[in-house]
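Everything below concerns the one structure shown next.
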């Protein structure tokens, strides 16, 4: 019974740490770019796009397909960086505890 109480206390502490980590992530801004910085996207810690900056040189109507591809690449870059940061923060919370593959907490 003593072990169960200790386990429940640890679970409660981990939950509090995860809530704190979520709050930290929500306040972050992660920037991704493509085309040597010609397209820059900023995502919130939850993955919502906050801003996009496009170099005016890319506004050529003949280059719209490339512009669209660069926007997609910048979004993918920002999302990858966000996932890496979330993973780093999760490692801090779980203390290196190896969670089962596919278990994406807290998302």
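Numbering (the working numbering), first residue to last: 507 to 613. Where a beta carbon is used, it is the ideal one built from N, C-alpha and C, also for glycine.
Spatial neighbours of residue i within its chain, please: C-beta separation below 6 Å, excluding the five flanking residues on both sides.
i	result
residue 541	576
Can you tell me which of the three DSSP states residue i falls into?
i	result
residue 555	strand
How far does the beta strand (DSSP E) with residue i in it reach, from first residue to last?
i	result
residue 537	535-540
residue 549	545-550
For the alpha helix (DSSP H) holding residue i, just list the boundary residues, first then last.
i	result
residue 576	570-600
residue 531	508-532
When the Cα of residue i is compared with those of the options, which residue comes out closest?
i	options	result
residue 538	563, 522 and 587	587
residue 555	570, 574 and 584	584
residue 532	544, 548 and 513	548
residue 530	514, 518, 550 and 517	550
residue 581	568, 600, 508 and 559	559
residue 534	553, 511 and 523	553
Please report the Cβ distance between residue i and residue j, rounded to the nearest whole angstrom; I am assuming they are in contact, meaning their Cβ atoms lie under 8 Å.
i	j	result
residue 595	residue 520	No, residue 595 and residue 520 are not in contact; Cβ-Cβ is about 13 Å, not under 8 Å.
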